[in-house]
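Residue numbers (numbering that gives the first Met the number 0): 0 to 502. Single-structure report; data block below.
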Amino acid sequence: MKSHFFVDMHCHPSIKAFARSFKKTPGEQSESPNDSTSIWHRDAPSVFDKAKNYVLGLTNFIQSDGNSLIQGRVAVVCLSFYPQEKGFFINKLGQGIESDTLTKLATEFGQQRIDHIQAMDSYWEDLKIDMNFLRLCENKEIKVNGKKVSYVIASSYTDIEEADKEGALGETKIVFVPTIEGAHVFDQEMNCYEPWNTYPAGVPEDKLKITLQRVQELREGKDGLIKPLFMTFAHHFWNGLSGHSESLAGIVRCVADQTNGMEQGLFQAGVQVIDAMLKDQTDEEGKSVPPIYIDVKHMSRQARLQYFDLLKNYPGKNIPVIVSHGGVTGLSSPGGQNVTPASQEGLYMTNSINFFDDEILKIEETNGVFGIQLDERRIGSKSELRKARGNTSKRDILYAWAKLVWNQVRHIAELLDMNGRYAWGIQSLGTDYDGIIDPINGYWTAKELDDLDDYLLMHVYNYLKGTKTPCPLQQERNKTVTPEEVVDRVMTSNALNLLSRIF
0 MKSHFFVDMH
10 CHPSIKAFAR
20 SFKKTPGEQS
30 ESPNDSTSIW
40 HRDAPSVFDK
50 AKNYVLGLTN
60 FIQSDGNSLI
70 QGRVAVVCLS
80 FYPQEKGFFI
90 NKLGQGIESD
100 TLTKLATEFG
110 QQRIDHIQAM
120 DSYWEDLKID
130 MNFLRLCENK
140 EIKVNGKKVS
150 YVIASSYTDI
160 EEADKEGALG
170 ETKIVFVPTI
180 EGAHVFDQEM
190 NCYEPWNTYP
200 AGVPEDKLKI
210 TLQRVQELRE
220 GKDGLIKPLF
230 MTFAHHFWNG
240 LSGHSESLAG
250 IVRCVADQTN
260 GMEQGLFQAG
270 VQVIDAMLKD
280 QTDEEGKSVP
290 PIYIDVKHMS
300 RQARLQYFDL
310 LKNYPGKNIP
320 VIVSHGGVTG
330 LSSPGGQNVT
340 PASQEGLYMT
350 NSINFFDDEI
360 LKIEETNGVF
370 GIQLDERRIG
380 SKSELRKARG
390 NTSKRDILYA
400 WAKLVWNQVR
410 HIAELLDMNG
420 RYAWGIQSLG
430 TDYDGIIDPI
440 NGYWTAKELD
450 DLDDYLLMHV
460 YNYLKGTKTP
470 CPLQQERNKT
480 VTPEEVVDRV
490 MTSNALNLLS
500 RIF
């Protein structure tokens, strides 16, 4: 397949449009791109917005709307449904005006959506409304910037192939691959502040029974549900199934308390839910039902390792380890060594929400994928961020911040190379745009990913050609690859290869 478009393994194109629908008719998507409840509505960052982001880390603009995706040639998108956790909006400040003001500032969801979340008694029902919101404008041609564009919700890789044969990808059509962020969607734990050790299995038996039934319904796409290809098992708060990593920063971290259940491992309820997602299943007609693959982002380090061990229970199923959006620590393990030349330069953020070398090797071993997250809080050490911020011209800004993306690609390549493996087969993009992130400067929205393609190429060329220092890779197959192929793999083909195998 010719790579004239890009793939994003994780972003939230519908999240702000859906939230804003609560101001009018909840769950109703407009067909007009001028309406803020349309997925095609572009709210580009102003100079003031960029200044707020630079100083306060606030992202008060839309990053992954359909318009920006089309302009950036991002045509295959793993769209993540995410019913927002109540812990954001019922927090240390309670749920009054102080809390609402801060969360509105951080999320731009609007008072009506925030009120709805605070009163919500079912993430599951909210997920259904969100999924229907996306369906409302599927295959409807919308005129944007003088041309008719549309999106399709893929049910298999065939939908991607057909759109490409039509010549529509990267031009007029976006293919959304459905995914979900957070297993809280099954409702087994609606109070994220209930002490994590209240129940020996993680959740009460009656709640677990309902959760297992809902996993089955989701896999079969029953009752208006859209079957997701994969989902993160944990997210920001305790969900009764798995411990999570610390993930919040800035204003949100000041008001939202993540500590309950943080860094715990998998609970017995979680093990049963994982099995329900992965085991063989047939529908009422006796047809095989595809699994829902596990995305290990946001799981605690302990839970991730336990999950890797669980994969031994599924011999022959070729289950890939997926990190849809993440960063590397540069460490062999917590408190471990810096074994690659890249990691010895102090380039990386080492908190355990990022991934260690043994985990990266597991991803490659299972033919998985590592989506690189374009979030300042994940992508580099404080010293590297300071260097990148010291630029003023647009060209220098784009070059400097693309280097932080390249640093991620480079460490993975050097690690795989020194372990006798192909260096360039798992790196991809997983921007997390509109996931309440602080985007790397210059690459504010999906529109600028077309620039990232160009600036990454410069860094790869300098590295492989040994422009400044000799290329440290040992294997000929890793050193003799062309810079163009490396960039193509990161921006497009590694993700497509995964999707072609499992979707």
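Yeah, the Cβ is synthetic: ideal placement off N, Cα and C, and Gly gets one too.
query: DSSP state of PRO482, grouped into three classes?
result: DSSP places PRO482 in the helix class (H, G or I) of the three-state scheme.
- prompt: Using the rule of at least 16 other Cβ atoms within 10 Å of the residue's Cβ for burial, across every protein chain shown, is ASP308 buried or exposed?
  reply: Exposed: under 16 other Cβ atoms inside 10 Å.
field: Inter-residue spacing [alpha-carbon to alpha-carbon] between SER67 and GLU283
entry: Spanning the two alpha carbons is a distance of roughly 41 Å.
- prompt: Is VAL459 buried or exposed, if buried means 16 or more other CB atoms sit within 10 Å of its CB?
  reply: By the beta-carbon neighbour count (other beta carbons within 10 angstroms, threshold 16), VAL459 is buried.
message: Can you confirm whether the segment 269-283 touches the segment 201-220 when touching is taken to mean that 3 or more C-beta pairs between the two stretches lie within less than 8 Å?
response: Cβ pair count under 8 Å is three or more, so yes.
- prompt: Which residues mark the beginning and the end of the beta strand (DSSP E) in which GLY370 is found?
  reply: For GLY370, the uninterrupted beta strand (DSSP E) run begins and ends at 368-371, by DSSP.
query: Should ALA494 and VAL368 be called a contact, given that it needs their Cβ atoms to be closer than 8 Å?
result: Cβ distance < 8 Å, so ALA494 and VAL368 count as in contact.
task: Return the Cβ separation of GLY269 and HIS243 in integer angstroms, given the expectation that the two are a contact with Cβ distance under 8 Å.
output: For a cut-off of 8 Å, the C-beta gap from GLY269 to HIS243 is around 11 Å, too long to register as a contact.
query: Rounded C-beta distance between PHE4 and LEU78? I'm assuming under 8 Å.
result: LEU78 and PHE4 do not touch by the CB rule: their CB atoms are close to 16 Å apart, not below 8 Å.
DSSP state of ALA74 mapped onto helix, strand, coil: Of the three classes helix, strand and coil, the one that applies to ALA74 here is strand, per DSSP.
query: Unbroken beta strand (DSSP E) runs of length 3 or more, entirely within the segment 125-192: which are they?
result: DSSP runs (the beta strand (DSSP E)) wholly in the segment 125-192: 141-143, 146-152, 172-180.
task: Hey, could you find the ends of the alpha helix (DSSP H) MET417 is sitting in?
output: Residues 393-417.
field: MET0 (DSSP reduced to helix, strand or coil)
entry: Reliability fails at MET0, whose pLDDT of 44 lies under 50, so the model's placement of it is uncertain and the value that follows must be treated cautiously. If DSSP states are grouped into helix, strand and coil, MET0 belongs with coil.
field: Contact set for ILE179: own chain, Cβ-Cβ below 6 Å, skip 5 residues either direction
entry: Excluding its 5 nearest sequence neighbours in each direction, ILE179 has C-beta neighbours in its own chain below 6 Å: PHE80, PRO227, MET230, listed in chain order.
- prompt: Taking three-plus beta-carbon pairs below 8 Å as touching, is the segment 446-456 in contact with the segment 25-34?
  reply: Of all C-beta pairs linking the segment 446-456 to the segment 25-34, fewer than three are shorter than 8 Å, placing the two stretches out of contact.
Per-residue burial, ALA50 [other beta carbons within 10 Å of its own, 16 or more giving buried]: With fewer than 16 other Cβ atoms from the protein chains shown falling within 10 Å of its own Cβ, ALA50 counts as exposed.
task: Starting from LEU293, follow its DSSP beta bridges and name the residues at the other end.
output: It should be noted that the sequence gives Ile, not Leu, for residue 293. Beta-bridge pairing links ILE293 to MET230.
field: Cβ contact check for the segment 292-305 and the segment 317-329: 3 or more pairs under 8 Å
entry: Short answer: they touch.
message: Rounded to the nearest angstrom, what separates MET0 and ALA162 at their Cα positions?
response: Here MET0 scores only 44 on pLDDT, less than 50, and its place in the model should not be relied on; the value that follows carries that caveat. Their Cα atoms are separated by approximately 11 Å.
message: From the DSSP secondary-structure annotation, give me the bridge partner or partners of GLN426.
response: DSSP lists PHE369 as partners of GLN426.
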